[in-house]
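> Residue numbers (the working numbering), protein chains in the order written: chain A, 1 to 246; chain B, 1001 to 1246; chain C, 2001 to 2246; chain D, 3001 to 3246; chain E, 4001 to 4246; chain F, 5001 to 5246; chain G, 6001 to 6246; chain H, 7001 to 7246.
Glycine residues also receive a C-beta, built at the ideal position from the N, C-alpha and C atoms.
The following block contains the structure, expressed as structure tokens.
There are 8 protein chains.
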Amino acid sequence: MSEETIDGGVSPQGYVDLGYAKPDTQREERTGVAEVIYGAGKTADQIAGIVGALRGAGQERVLITRLDADKASEVQGLLANRDAEEFEYRDTPRIAIVGGLPEPDGDAYVCIACAGTSDLPVAEEAAVTAEMLGSRTVRLYDVGVAGIHRLLSHADDIAGASSVVAVAGMEGALASVVGGMAKCPVIAVPTSVGYGASLGGIAALLSMLNSCASGVSVVNIDNGFGAGYQAALIDHACKRAAERRG
Amino acid sequence: MSEETIDGGVSPQGYVDLGYAKPDTQREERTGVAEVIYGAGKTADQIAGIVGALRGAGQERVLITRLDADKASEVQGLLANRDAEEFEYRDTPRIAIVGGLPEPDGDAYVCIACAGTSDLPVAEEAAVTAEMLGSRTVRLYDVGVAGIHRLLSHADDIAGASSVVAVAGMEGALASVVGGMAKCPVIAVPTSVGYGASLGGIAALLSMLNSCASGVSVVNIDNGFGAGYQAALIDHACKRAAERRG
Amino acid sequence: MSEETIDGGVSPQGYVDLGYAKPDTQREERTGVAEVIYGAGKTADQIAGIVGALRGAGQERVLITRLDADKASEVQGLLANRDAEEFEYRDTPRIAIVGGLPEPDGDAYVCIACAGTSDLPVAEEAAVTAEMLGSRTVRLYDVGVAGIHRLLSHADDIAGASSVVAVAGMEGALASVVGGMAKCPVIAVPTSVGYGASLGGIAALLSMLNSCASGVSVVNIDNGFGAGYQAALIDHACKRAAERRG
Amino acid sequence: MSEETIDGGVSPQGYVDLGYAKPDTQREERTGVAEVIYGAGKTADQIAGIVGALRGAGQERVLITRLDADKASEVQGLLANRDAEEFEYRDTPRIAIVGGLPEPDGDAYVCIACAGTSDLPVAEEAAVTAEMLGSRTVRLYDVGVAGIHRLLSHADDIAGASSVVAVAGMEGALASVVGGMAKCPVIAVPTSVGYGASLGGIAALLSMLNSCASGVSVVNIDNGFGAGYQAALIDHACKRAAERRG
Amino acid sequence: MSEETIDGGVSPQGYVDLGYAKPDTQREERTGVAEVIYGAGKTADQIAGIVGALRGAGQERVLITRLDADKASEVQGLLANRDAEEFEYRDTPRIAIVGGLPEPDGDAYVCIACAGTSDLPVAEEAAVTAEMLGSRTVRLYDVGVAGIHRLLSHADDIAGASSVVAVAGMEGALASVVGGMAKCPVIAVPTSVGYGASLGGIAALLSMLNSCASGVSVVNIDNGFGAGYQAALIDHACKRAAERRG
Amino acid sequence: MSEETIDGGVSPQGYVDLGYAKPDTQREERTGVAEVIYGAGKTADQIAGIVGALRGAGQERVLITRLDADKASEVQGLLANRDAEEFEYRDTPRIAIVGGLPEPDGDAYVCIACAGTSDLPVAEEAAVTAEMLGSRTVRLYDVGVAGIHRLLSHADDIAGASSVVAVAGMEGALASVVGGMAKCPVIAVPTSVGYGASLGGIAALLSMLNSCASGVSVVNIDNGFGAGYQAALIDHACKRAAERRG
Amino acid sequence: MSEETIDGGVSPQGYVDLGYAKPDTQREERTGVAEVIYGAGKTADQIAGIVGALRGAGQERVLITRLDADKASEVQGLLANRDAEEFEYRDTPRIAIVGGLPEPDGDAYVCIACAGTSDLPVAEEAAVTAEMLGSRTVRLYDVGVAGIHRLLSHADDIAGASSVVAVAGMEGALASVVGGMAKCPVIAVPTSVGYGASLGGIAALLSMLNSCASGVSVVNIDNGFGAGYQAALIDHACKRAAERRG
Amino acid sequence: MSEETIDGGVSPQGYVDLGYAKPDTQREERTGVAEVIYGAGKTADQIAGIVGALRGAGQERVLITRLDADKASEVQGLLANRDAEEFEYRDTPRIAIVGGLPEPDGDAYVCIACAGTSDLPVAEEAAVTAEMLGSRTVRLYDVGVAGIHRLLSHADDIAGASSVVAVAGMEGALASVVGGMAKCPVIAVPTSVGYGASLGGIAALLSMLNSCASGVSVVNIDNGFGAGYQAALIDHACKRAAERRG
């Protein structure tokens, strides 16, 4: 570490320097969303340390993604009292929340649609992330295009959303069909569901990038977090617009 | 060439040896479909030589695929009288036909659907090939999933076909949606229509191979010929079944 | 879930909404084949729930693919009495059948050929799927092209089939050789058998997509199910043709 | 074409059937944005035909993308009088506009940032598309990260936008840096600017999909159109939110 | 250039230093085969300079590969008298020979088999290279596996060869079938013949690397030269063995 | 299985039909080398069954490759007495031999060179295979190009060989350097040794396919067996040549 | 452009804003090397504008890379008098220099080695770039490993350099061999020289990234500029070290 | 092994021949850095043998990379007394050191920057390697571009370094931003941190190869060793330059 680092102290530069990490305490002010912890590839000690630093710096809620159940228990055991008490773990999306979910704000909602039952973990990661950032959500699960009547019977849910997160593996066709039905931005999430030429989700990713429907953008494979995050940013933009008008 | 080759003569082994090519005069008997000429990478001289050999060996109709307009003229100029007279060239699918198309046989039909206007050359290659092999065809063009009502309004055409050839570039989602609507085999043809991450048709190819609909098989990128050919083979199988019953 | 969903009830839209899944009860009517369960990535609970919903909606037979032996036991334990009694598991293709195989109908048959002993699981998945959908089958195993006399000695089996499913890993050359021998459609299944530059089956997949023989279409790597399914659809088309004629 | 097609007539199903194309006259009602023409792979005749059909069906403005200058002249020559008069072509983004750009609506703006001078055509495609759909735009060109002070000096433009379109080739790092500075969604557009291991834009595409900043989604390589389109959809969502509030 | 280089002089280190090239005058002694010139990416001036240097250093015959017809004329015009007189150009394999082909030595022969007419340029490059290095050749052209009787009727040519060069594009199955028939090494040459998923010859390359037949090795796509070269090295090894015995 | 199969009997067509396998009893006569068993993906039962069939049909020696130690014990336990006694297992190359290695025949030798210690398993697979087919071998291990004096000090071993098998992972440069030193064919074996951008051996494979040295051909990644096999075929060709002369 | 931009003026933020470009006038101070112009994808007008801005801001020398001869003439015609006079174009590396090359400073030198004659354009780009940044150079051309004595005879040139730039296409083995001989950093430049499985330089790139020699780092395919640049930075570091000592 | 090998003896050719390995005892003299052991794919016995041979040949310090903790214990147990005593293992970088780290020499330092906490193992491998070769180091950890103020607050550490090692996974943007800030060479290390479209580090690798900043070269994915090694070689070059001047 360079010499001017004060271990564990809140640096005036807008981050805490823990040596192994520099949690960004300026992020909420800068981007409207507080620092989130990506759990993969970090030890339980490191995660607990970062949670402590963020909460110590005044952050109300902390989201930890990509955390398996065993490491979650370990992290919880390492946290300070109040943090440990407010620690909640959800199995399907492999997410931990410290400080609880906020109340959704406003009447807009993000619609989370997924093609098959195997896509649920990713869809739930998107849904919980959006909720953590203040959005209301509506879930449409197992509405893949092989039985397109299932999707068409929910046309109103899609038409009324502020954004749609479309989650699908295999050929990822859901995104294009939804894209042709929606008035709002569609954020497509390819999943690694499939085998062989699905190439771990590359097939769905390429499919979504080449969507013949126009309002579709794409995040990384299995990145439910990123899609839920951007959906919430759209809600934030809408709220700012409404406030300017209101 | 090995010594036992008799130049240009019909070998008793079931092919004509032209040195640069050995047209297969046994193919119709073996597979039910006479030899077809793949025009790319052959000179006009070679193509004309092969046409001559096949017609000389008694083949009634010859199909030449992947032939550009200039080479087609050159080939026509090199053919013997009767062959030149019966030579017909079609621009969109870049196909030449010597000996004319046969009358379709029976009331079954192959449905050729394509996603966009840019897919027409491939769709037409499929249609003409199927017609050359005796099938009746119904064409549904520009029915991509971004405006899915266009496809749904033709549900009867799909329901009644003996097979559907689904032609699409970009994300190739058409194949999955059709696959969920059809009773018959769907043969999917990815096209190279698109740019960037379409990777020259690889995106559509992978998409179709990973279709969440079950009755979909796939041929090479832009291989309208192969799809039309297999669709006709299905018709041939149906005819044999009907004849056994009849 | 959107509000109009009635949990577990048969929706008039043609599916049952279980929250985590929406089994398609309209599929048989629409496509001629009832809903099939893809077992990978679903929990035993979810699978048992879907089986129950389909059987409850009147579906006679249910096929579950990609199910390992342990999860199969677990599923069986969760099923209702009659469903559990009629549950049968097959190790090699990792398939479960609820409600038994139907009697094959008619004298046509699907020929399932595979290149090597290591390809058996995929070949059996194709064979059992086709049988489940009502087709008769003939199996030709370990007939790879390195000893081509093994294949040639079965030329009659290939010539007489309504379709051939050609299963091969490594270089996948079997499909092309069979394609040059057959009168009927050849559905090629690349397998992940091989190592190094086989790239998990991509080499065989590309090989089959580029087959120099004309009547060959391809399904995903290791997708015996998809090939058996399409072979059965061809048989269905033949039966419809024969019935129209008869 | 299937029999029920009335050539050139407005079908009650919500499209015009031109045989080679079925322009979607229901799109504006369904998605809030009228049909756009993708010019690549279509002949001038086809493009002119589609423009005519859309304008005939009452569409006020038509955008044609991926149109080179020569084909643009040809199209203009083929159009009916009023359409030809209102036809405008822009060289850099290779876009034609029929019917003029609308006045931007509201005080929100889309910020279009690009990394280098060679990215201008894509950035301009995004900007004009967003303007065509009613958005106001602010352009920040040549602000790549190798001289990051150029970007940092425009922090206010980024902070105030409703969305940022970040356009970059080579390593595409601009998207991540902008993502760390913005409160709003960032739509990243990889470009094919670069050589060698840029793989025609794949390097930038992968980079953007893996952005360590959270609010970034991605469109296809060189797809300025798609990014501008989604940026405008976000503005539309904001307007709807403001109207609900207002 | 480093200072100790004597421009154009024969360096005692076993090469001539021309600045832009250092032709290897020691190669024949070291490897049994004299220096060959790869014509692609060199100017006519450079090629002529290297020919002059090699001939000046006593090399009897010079082979130039990958030389198009126009550059060949230009090179010939730049050569010294005797070299220009002994310069011969062959169109199909795009090869130039200075000093003529040697008489084949011994009764062994290399069998060059290719799958289709479009593979001829590569097959001829292999054949002429082998002949240039002293081998006798037998050509079997257009013996692809879609009509396998054509290949089987030449089983004796394959059985009697010292090595077989198997040239094929598309799926490259020829190599495996030949590999199952031959007693000798098979050198497989994938070609770029094909389209779409042939990926410029990658499909055939992977296919050949994964051959289920055991005695098959592979060279680069379209590298007829390399295959002919190695076939000749096998003949050289056989000659040395025979001489040791004789 | 098709009906004409006689289970376990030696079919007059030149193979034994075991249902799950058809061991090729005609291979030695046809190719000069008896059937070899690829152990991966076969059960111990299947392997033992094939060994029994081959030995029962008179094959003296059987080689089993890609066999891990546990399965080897299991196979040995399942073999008939004499076969089990003559069963020998080698750990490094994961090979089993039934019936012992033959005496090498003649004074020629195959030189097996490998770049690093981690390449030993593949190099030993090549060496034992060549020995099993009657070749004499010389091993040069850990002679990678980073310390090229190690290789240069063995120049005589390379110069005197009938062929060189060059085994290397990482960048695979050994093949090119050996190719520039050898008079005989070089068979290059890329290995999966490496990490990251070695892509499981693809880097070494591509490197070897693009060797700037001319007499180099390549086998699949980690395919020591294939390289040893082809090296032995070259020795066989040399012996036949010497016998013709002698 | 955002409103605060003063067209063409030197902004106090350390760049000139030309609208289409923001040349970085702070770069020399920050990185020790003044702004360089990447010529590809820029119009002659744009290039001339940037040259003018940089020279106007006091930059003595300007390097323009990837500039073809025709555009170079055009640029020269558009420059102001003094700039046009000091404009020099070099064909092989396709580089233009405005303001001349500086005198090399110090006795250190960069050694530029390339494998073959076809690699000269890239090698020269590296050499001229290093010279432009003040380095002395020694060129070793056509020293590929197929005739390794050519390289070994220049061992002293390599041993004495401050860094070696190793330029090679095809399999790129030169980098590893040089890496095993050098005391200094080796900067490897893969080139697109080759065909087929060279994949436009990817084979050489992967090879160099996996070098078994330890002191090798790599730049993009054909990026002679980047390698020369980094070689010069090493010289700069050495000079600073010497000055601190001196 | 070829016959002239004396097992375990120090060969006069500059290496020790252990049969399974030929440790290079000439490397320090030739390259300035003694032989290093790559631990992956070697047995503990082999590693201990090589350590013994190198120390026996007089090498003071031995570095072993890619060694997991269990194998490290095993190696230590197999070493001779003095070697075992001087054996030290570090968990994070998975490195063992025999003979201790040297004192850093001079006042220059290598700056090691990494983007995130998950990159620490690779960053530490780089740091320890550089220290082992005599360099002083400064570590900047978790300074990724999503919170760029963390990096900018360390601008002086970067400005003063002799080289910067920039370690990052995901999109690897750190290298470009650092490249735009540094006066010295930047050696970029992509890591395999990430998921989905990070493709095991390929995304970061491509990103770094395409850096828009000029002084950046790249090593293999996760190759901290290679980067630390080259950084130290730059320090060595600086020391030689200073000594020449001093």
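So, helix, strand or coil for Val-51/A, using DSSP?
Against the first sequence, residue 51/A aligns to sequence position 51. Here Val-51/A sits in helix by DSSP.
> I'd like to know whether the C-beta atoms of Ala-2096/C and Ala-2080/C end up nearer to each other than 7 Å.
For the purposes of this step, residue 2096/C is taken as residue 96 along the third sequence, with counting starting at 1. For the purposes of this step, residue 2080/C is taken as residue 80 along the third sequence, with counting starting at 1. No; because the gap between Cβ atoms is not below 7 Å, this pair is not in contact.
> Return the chain-ordered ranges of every alpha helix (DSSP H) run that is complete within the stretch 4196-4241 of chain E and spans a minimum of 4 residues.
Those alpha helix (DSSP H) runs which fall completely within the stretch 4196-4241 of chain E and span 4+ residues are 4202-4209.
> Run through chain A and tell me which residues come within less than 8 Å of Met-1132/B, C-beta to C-beta.
Start at 1 with the first residue of the second sequence, and residue 1132/B comes out as number 132. The contacting residues do not exist; Met-1132/B stays about 30 Å from chain A at best.
> On the DSSP bridge list, what partners appear for Ile-2148/C?
Along the third sequence, one-based indexing puts residue 2148/C at 148. In the DSSP output, where bridge partners are listed per residue, Ile-2148/C has none listed.
> Pick from Ala-7021/H, Leu-7206/H, Val-7165/H: whose alpha carbon is nearest that of Ser-7135/H?
Reading the eighth sequence from its first residue, position 135 is the one you call residue 7135/H. Selected option, being the one with the closest Cα: Val-7165/H.
> For Val-7138/H versus Tyr-7109/H, is the C-beta distance shorter than 7 Å?
For this step, residue 7138/H is matched to residue 138 along the eighth sequence. For this step, residue 7109/H is matched to residue 109 along the eighth sequence. Yes, they are a contact pair.
> Does any CB atom of chain E fall closer than 7 Å to the CB of Lys-5042/F?
Sequence index remark: in the sixth sequence, residue 5042/F carries index 42 (1-based). No, because no Cβ of chain E sits closer than 7 Å to the Cβ of Lys-5042/F.
> Between which two residues does the beta strand (DSSP E) holding Pro-4190/E run?
As a position in the fifth sequence, residue 4190/E is number 190, starting the count at 1. Segment 4186-4190, the beta strand (DSSP E) holding Pro-4190/E.
> Counting only C-beta atoms, is Ser-2249/C closer than 7 Å to chain E at any point?
Past the edges of chain C, shown from 2001 to 2246, lies residue 2249/C, and the structure says nothing about it.
> Who are the Cβ neighbours of Ile-3234/D in its own chain at under 7 Å, not counting the five residues just before and after it?
As a working mapping, residue 3234/D is identified with position 234 in the fourth sequence. So the qualifying residues of the chain are Ser-3162, Ser-3163, Pro-3185.
> Using the beta-carbon of each residue, which ones in chain E are nearer than 7 Å to Asn-1210/B?
Translated into positions along the second sequence, residue 1210/B becomes position 210. What Asn-1210/B touches in chain E: nothing, since even the nearest Cβ is about 15 Å away.
> Pick out whichever of Arg-4240/E, Gly-4179/E, Ser-4214/E has its Cα sitting closest to the Cα of Gly-4032/E.
Here residue 4032/E is taken as the residue at index 32 of the fifth sequence, counted from 1. Of the listed residues, the one whose Cα sits closest to Gly-4032/E is Arg-4240/E.
> Does any C-beta atom of chain G lie closer than 7 Å to the C-beta of Leu-5206/F?
Position 206 of the sixth sequence, counted from the first residue, corresponds to residue 5206/F. By this cut-off, Leu-5206/F is an interface position.
> When you compare the CB positions of Gly-7099/H and Glu-7060/H, do they come within less than 7 Å of one another, or not?
As a first step, residue 7099/H is located in the eighth sequence; it is residue number 99 there, counting from the start. As a first step, residue 7060/H is located in the eighth sequence; it is residue number 60 there, counting from the start. Their beta carbons are under 7 Å apart, which means Gly-7099/H touches Glu-7060/H by this criterion.
> Would you mind stating whether Gly-196/A and Asn-2220/C have Cβ atoms separated by less than 7 Å?
By one-based count along the first sequence, residue 196/A stands at place 196. By one-based count along the third sequence, residue 2220/C stands at place 220. Closer than 7 Å, so yes.
> For a cutoff of 7 Å on Cβ pairs, would you count Ala-2123/C as touching chain F?
Numbered from 1 along the third sequence, position 123 holds the residue referred to as residue 2123/C. Ala-2123/C does not count as touching chain F.
> Name the chain A residues that come within less than 7 Å of Val-7143/H, Cβ to Cβ?
Stepping through the eighth sequence from its first residue, residue 7143/H is reached at position 143. Per Cβ cutoff of 7 Å: Lys-22.
> Does the beta-carbon distance from Ala-6242/G to Arg-7245/H come in below 7 Å?
By 1-based counting over the seventh sequence, the position of residue 6242/G is 242. By 1-based counting over the eighth sequence, the position of residue 7245/H is 245. The answer is yes: Cβ separation under 7 Å.
> For Glu-1085/B, is the classification buried or exposed, using 16 other Cβ atoms within 10 angstroms of its Cβ as the cut-off for buried?
As a position in the second sequence, residue 1085/B is number 85, starting the count at 1. That one is exposed.
> Less than 7 Å between CB atoms is the rule here; does Gln-4046/E satisfy it with respect to chain G?
Counted from its first residue, the fifth sequence places residue 4046/E at position 46. By this cut-off, Gln-4046/E is an interface position.
> With a CB to CB cut of under 6 Å and the five nearest residues on each side skipped, what residues in its chain are close to Gln-4230/E?
On the fifth sequence, position 230 is the one that residue 4230/E refers to. Taken in chain order, the residues that qualify are Ile-4187.
> With 9 Å as the limit, tell me which residues of the stretch 6160-6187 of chain G have their beta carbon closer than that to any beta carbon of chain F; keep them in chain order.
For the stretch 6160-6187 of chain G, which is checked against every Cβ of chain F, the residues closer than 9 Å are Ala-6168, Gly-6169, Met-6170, Glu-6171, Gly-6172, Ala-6173, Leu-6174, Ala-6175, Ser-6176, Val-6177, Gly-6179, Gly-6180, Met-6181.
> Can you tell me whether Arg-2082/C is buried or exposed, with buried defined as 16 or more other CB within 10 angstroms of its CB?
One-based indexing of the third sequence puts residue 2082/C at position 82. Arg-2082/C should be labelled exposed.
> Would DSSP call Ile-5006/F helix, strand or coil?
Position 6 of the sixth sequence, counting from 1, holds the residue named residue 5006/F. The predicted model places Ile-5006/F with a pLDDT of 36, which falls under 50 and marks its position as unreliable; any figure quoted below should be read in that light. Note: Ile-5006/F maps to coil in three-state DSSP.
> For the candidate residues Asp-5017/F, Glu-5029/F, Gly-5019/F, Asp-5024/F, whose alpha-carbon lies nearest to that of Ala-4159/E?
As a first step, residue 4159/E must be located in the fifth sequence, where it is residue number 159. Selected option, being the one with the closest Cα: Glu-5029/F.
> Using the DSSP secondary-structure output, state which residues sit across from Asp-24/A in a beta bridge.
Locating residue 24/A in the first sequence gives position 24, where the first residue counts as 1. DSSP, once it has assigned bridges, lists Tyr-15/A as partnering Asp-24/A.
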